[in-house]
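Encoded as structure tokens, the structure appears first; notes follow it.
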Amino acid sequence: MVTVNENYLKLPGNYLFSTIAKKVNEYASNNPDANIIRLGIGDVTEPIIPSVIEALHKAVDEMAVKETFRGYAPDLGYDFLRNAISENDYKSRGCDINPDEIFVSDGAKSDCSNIQEIFGADSKIAVCDPVYPVYVDSNVMAGRTGTYNPDTTMWSNVIYMPCTSDNNFTPELPKETPDLIYLCYPNNPTGTGISKENLQKWVDYALKVGAIILYDAAYEAYITDATMPHSIYECEGALDCAIEFRSFSKNAGFTGMRLGFTVIPKRLKASGEAVHPLWARRHGTKYNGAPYIVQRAGEAVYSESGKAEIKAQVAKYMSNATYLRNELIAAGYEVYGGVNAPYIWMKTPDGLGSWEFFDLLLKTANVVGTPGVGFGPSGENYFRLTAFGTYENSVEAIKRIKNL
Ligand code: MLT
Numbered sequence: 001m002v003t004v005n006e007n008y009l010k011l012p013g014n015y016l017f018s019t020i021a022k023k024v025n026e027y028a029s030n031n032p033d034a035n036i037i038r039l040g041i042g043d044v045t046e047p048i049i050p051s052v053i054e055a056l057h058k059a060v061d062e063m064a065v066k067e068t069f070r071g072y073a074p075d076l077g078y079d080f081l082r083n084a085i086s087e088n089d090y091k092s093r094g095c096d097i098n099p100d101e102i103f104v105s106d107g108a109k110s111d112c113s114n115i116q117e118i119f120g121a122d123s124k125i126a127v128c129d130p131v132y133p134v135y136v137d138s139n140v141m142a143g144r145t146g147t148y149n150p151d152t153t154m155w156s157n158v159i160y161m162p163c164t165s166d167n168n169f170t171p172e173l174p175k176e177t178p179d180l181i182y183l184c185y186p187n188n189p190t191g192t193g194i195s196k197e198n199l200q201k202w203v204d205y206a207l208k209v210g211a212i213i214l215y216d217a218a219y220e221a222y223i224t225d226a227t228m229p230h231s232i233y234e235c236e237g238a239l240d241c242a243i244e245f246r247s248f249s250k251n252a253g254f255t256g257m258r259l260g261f262t263v264i265p266k267r268l269k270a271s272g273e274a275v276h277p278l279w280a281r282r283h284g285t286k287y288n289g290a291p292y293i294v295q296r297a298g299e300a301v302y303s304e305s306g307k308a309e310i311k312a313q314v315a316k317y318m319s320n321a322t323y324l325r326n327e328l329i330a331a332g333y334e335v336y337g338g339v340n341a342p343y344i345w346m347k348t349p350d351g352l353g354s355w356e357f358f359d360l361l362l363k364t365a366n367v368v369g370t371p372g373v374g375f376g377p378s379g380e381n382y383f384r385l386t387a388f389g390t391y392e393n394s395v396e397a398i399k400r401i402k403n404l
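Quick note on our numbering: the sequence shown kicks off at 1 and runs consecutively.
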């Protein structure tokens, strides 16, 4: 008799952003005149930069000509893009990452959810709490997380590392030794950054206990503090203990185009086995490469004009972040993040639960944010707003929040 993967049945509710979309759609259909401002999911609103559009058009034209038409892309990515990434994201920062250690994909979400399948089924994971839900959910699907406690909303076989204002949103080294440690900096959802010194502590710890750090650097373009690391490979020893995920979604507005990459150093080993060939094997078997035109678009992000245009786009979103942050603080809210990341992480007013505040904001102000508790139990009484909206909507949202 055919059966289903029972691990899927263990997942409580839906994916966080699907739940939010469902609630908002329901509200919108019952209140068709409501002018809803969506500052929930971190989806970009600025159009793709001109240098990328130009590269896209050129690549599309190539596809129409027999001599320049391309079929399947090389499964690990085109050399032109892997070379550009290696030079611009790594060598320029002193990180020894070669093009053949870069795996081009359709985005960081797929990679950071799929990576767990090359590790042993009994690997113990450690996550920050709150955390991007994909890390935990993908391990639930793989049957690695034990049983779910609906009262604590925690899994028995996951090491949670609380990040709250009490520890300045910086996780402490876990007491129990993990095999895989998920870290995301600049952090989603708390919008906080990590110093090089602090990140080095994690690298030293991973090397000491033989763990691997799965480092999500999707928001590195938003770092404003010049001393903060953009890559974990800026830390000594990280080539031996870390995998890094990067995305074009947030830094170049590719949420709808899909492009990202994963870096696995060739010398990285798990219990004596090289990890790089396993991911190459997985990629080759399960993935047929990001489209040629999208990889050419990605290459254009690294052109001189592309870099300048991207910088301006990121600055635009960060000016929303500064605006939201300053206005909320002026209105008396306790606010974190928004300095080195495009997320504002605020305490809910009057001790309201995260979902209570979500409902209040949706129904009273027609503003959508993300309830902190959706990212984990330590996110309760917190709320996330994204700076990826338009400036006009950020201003209008603040006006409405002030009138609550
Ligand atoms: C978020 O809002 O946390 C992200 O946009 C979700 C994602 O990247 O999948």
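We put the beta carbon where it would ideally sit given N, CA and C, even for glycine. Predicted, not measured: the structure shown is a model, and the values here were computed from it.
Proximity of the segment 134-145 to the segment 1-13 meets the contact definition, three or more beta-carbon pairs being nearer than 8 Å.
Of the candidates Ala-84, Arg-258, Thr-145 and Phe-17, Ala-84 places its Cα closest to the Cα of Tyr-302. According to the DSSP assignment, Pro-162 belongs to the beta strand (DSSP E) that extends over 158-162.
Not one heavy atom of the ligand MLT falls within 6 Å of the beta-carbon of Lys-66.
When beta bridges are read from the DSSP output, Tyr-343 appears opposite Thr-386.
The shortest CA-to-CA distance from Gln-116 to any of Thr-390, Tyr-215 and Ile-329 is the one to Tyr-215.
In the three-state DSSP reduction, Arg-93 falls in the helix class (H, G or I). Within the segment 233-302, the complete beta strand (DSSP E) runs of at least 3 residues fall at 242-247 and 260-263.
For Phe-357, the uninterrupted alpha helix (DSSP H) run begins and ends at 354-360, by DSSP. At least one heavy atom of the ligand MLT lies closer than 6 Å to the C-beta of Gly-42. Going by C-alpha positions, Gly-351 is about 14 Å away from Asp-359.
Inter-residue distance for Asn-98 and Arg-384 is about 36 Å (C-alpha atoms, whole angstroms).
Counting only runs that start and end inside the segment 80-155, the beta strand (DSSP E) elements of at least 3 residues fall at 102-105 and 125-129. Within the chosen limit of 6 Å, the ligand MLT reaches the beta carbon of Asn-188 through at least one heavy atom. For Leu-173, there is no enclosing beta strand (DSSP E), since its DSSP letter is neither H nor E.
With a 10 Å radius around the Cβ and a threshold of 16 neighbouring Cβ atoms, Asp-129 comes out buried. Pairing Tyr-343 with Gly-191 gives a Cβ-Cβ distance under 7 Å.
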